[in-house]
Amino acid sequence: MNKTIRRASVFALLLVFALLLRATWVQFYEGRALADDKLNRRNAIETYAEPLGNIIVAGKAITGSAVTTGGDLRYKRTYTDGELYAAVTGYASQSYAPTQLEGIYADLLNGTDTRLKTALDTVTDKRADPGNVLTTIDPDVQKAAYDALGGKKGAAVAIDPTTGQILAVASTPSYDPSTLTDANTAGTAWKKLTADSDKPLTNRALRQPLAPGSTFKLVVAAAALEDGLYSSVDEKTDSQDPYTLPGTRTVLKNENTSAPCENATIRVALQYSCNNVFAHMAVQLGQDKLRATAEKFGFNDDGQDVPVRAYPSVYPSDMDESSTALTGIGQFDVTATPLQMAMVSAAIANGGKLVSPHMVSQITDGGGDVLEDYDDEASSTRIVSSSTAEQLQSAMQTVVEKGTGTNAIIDGVTVGGKTGTAQNGENNSKAPYAWFTSYGKSDSSGKQVAVAVVVEQSDAARSEVSGNGLAAPVAKAMMKAALKS
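For the sequence shown, this note's numbering assigns the number 307 to the initial residue and increments by one for each residue that follows.
In structure tokens:
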């Protein structure tokens, strides 16, 4: 054979082998990545070839599927009361990645979860019937939260302290997920929502931690009682009024200058929300002990799944004493979500035990058979002793009965709470945040609920912004809905 021809033949064979090697690599190693690529249109076509499974509230589907007109995506997602439940469902879009429960259970809802396949499905490679997600949300409590928040920018969470079931997750302003489902119109809606300065796509209840202000005083009080710094909520504290922050000339004043805050008991200090008492108490305990108690309640947990991943609430570290003092009143770098502050009240209401919060009770296959039961899997952790919890319950009841939380009083319900008005912006230049966290227990049935509400912004004048004025009425509406007979 001619030498030139032989060399050309060898070179051609090498090219063939290279092509075969590359094809093998793409098929067996890169195939999954290509299949999962968000730009792969076949994924969307497959997902929306059949109706999706549903998200269920109190036995009724709040989602659905509708036939589309034109295009290669046969179905699109629909929502009932979309704005009301957006903070729960999130959205399933033909154009954008799903969020919230829609995202977490995407495989279950579109039928690709391997747990849904029957033996015949496996043999025929047929797509299984989609499953459903059963939530713990109480529609009455959810609506009460959403309606009471109204036009205010804020959020609210309600938890059953005895079971950990989340009864409401509300965030306002909200949005209608239906505007994002259709590929033909989603782009315009997306631009409008992302350009909105009020950030309606943000789940404020779970994923926007803010300074909790005086509601954090419950954590400080719990730490002081657990540590033995004070033996009861009725023992006088060592508290100067006014209080000068350690190492500074900054005088920390109380909102109510006539309140009996000097050497006040914990009960009185919570009743009048005495800054001097809890700032000094934080210094007496030290940041390490206070952080340890905060973390028992759930602060600094970057893995808080309910099952939506909640943004961590933070108790800071590496502070000087003046900063530690400010953390005692829920300022400096302390942040909390409404979920976190609801967990604080829930643990206190439940005798010091925190049942893991969750807003999905079960997931089922298309026939209704349970694949996973989250109610059965809920764990309980002791946060504080039963004695500490009982004392804090009593002190919180004093706050509502004759303190700063009187707007939360409900006939026939024992209510305990704590208000908070947190500074916002440099030198408190912006409107403060209004907080209220509470628990309610029906005097007739014994049924309980724990609630936390934050109002970031409202039409109220700055001088009228308070936890009792803005947040407590929202909490009251939620507690009444949860405890109705």
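Where a beta carbon is used, it is the ideal one built from N, C-alpha and C, also for glycine.
For residue 651, the enclosing alpha helix (DSSP H) stretches over residues 644-655. Out of 788, 762, 442, 534, the CA that lies nearest to the CA of residue 694 is found in 534. Ranking 361, 312, 350 by CA distance to the CA of residue 669 puts 361 first.
If you ignore the 5 residues before and after residue 351, its C-beta comes within less than 7 Å of the C-beta of 378, 379, all in its own chain and listed in chain order. Shown here for residue 367: same chain residues with a beta carbon closer than 6 Å to its own, the five before and five after excluded, namely 360 in chain order.
Residue environment for residue 421: exposed (fewer than 16 other C-beta atoms within 10 angstroms of its C-beta). For a cut-off of 8 Å, the C-beta gap from residue 483 to residue 395 is around 6 Å, short enough to register as a contact.
Classified as buried, residue 357 has 16 or more neighbouring CB atoms from the shown chains inside 10 Å of its CB. By a beta-carbon distance limit of 8 Å, residue 730 does not contact residue 779. Their separation comes to about 20 Å.
659 is the residue among 371, 659, 723 whose C-alpha sits nearest the C-alpha of residue 467.
Counting only runs that start and end inside the stretch 380-412, the alpha helix (DSSP H) elements of at least 4 residues fall at 388-395, 406-410.
Following the DSSP letters along the chain, one finds residue 471 in no alpha helix (DSSP H), marked with neither H nor E. DSSP, read as helix, strand or coil, puts residue 742 in strand.
Taking 3 residues as the minimum length, the beta strand (DSSP E) runs contained wholly in the stretch 678-703 are 686-688, in order along the chain. With respect to the C-alpha of residue 369, the residue from 438, 575, 532, 531 having the closest C-alpha is 438.
Residue 489 and residue 497 have their C-alpha atoms spaced approximately 13 Å apart.
One thing to note: residue 445 has its Cβ no nearer than 8 Å to the Cβ of residue 565. Under the DSSP assignment, residue 440 falls in the beta strand (DSSP E) whose first and last residues are 438-441. Along the length of the stretch 480-537, whole alpha helix (DSSP H) runs at least 4 residues long occupy 492-501, 510-513, 523-533, reported in chain order. Here residue 454 carries a helix assignment [DSSP, helix/strand/coil]. With a 10 Å radius around the Cβ and a threshold of 16 neighbouring Cβ atoms, residue 308 comes out exposed. Across the structure, residue 608 and residue 517 are spaced so that their CA atoms are roughly 17 Å apart. Where residue 432 is concerned, there is no enclosing beta strand (DSSP E), because DSSP gives it neither an H nor an E. Here the alpha carbon of residue 405 sits roughly 19 Å from the alpha carbon of residue 663. Beta-bridge pairing by DSSP links residue 611 to 615. A direct Cα-Cα distance of roughly 50 Å separates residue 353 from residue 699. Between the alpha carbons of residue 749 and residue 441 lies a gap of roughly 27 Å. With a cut-off of 8 Å on Cβ pairs, the stretch 771-785 is in contact with the stretch 450-466, counting three or more such pairs. When the five nearest sequence neighbours on each side are left out, the beta carbons in the same chain lying within less than 8 Å of the beta carbon of residue 596 are those of 525, 526, 529, 588, 621, 630, 633, 634, in order along the chain.
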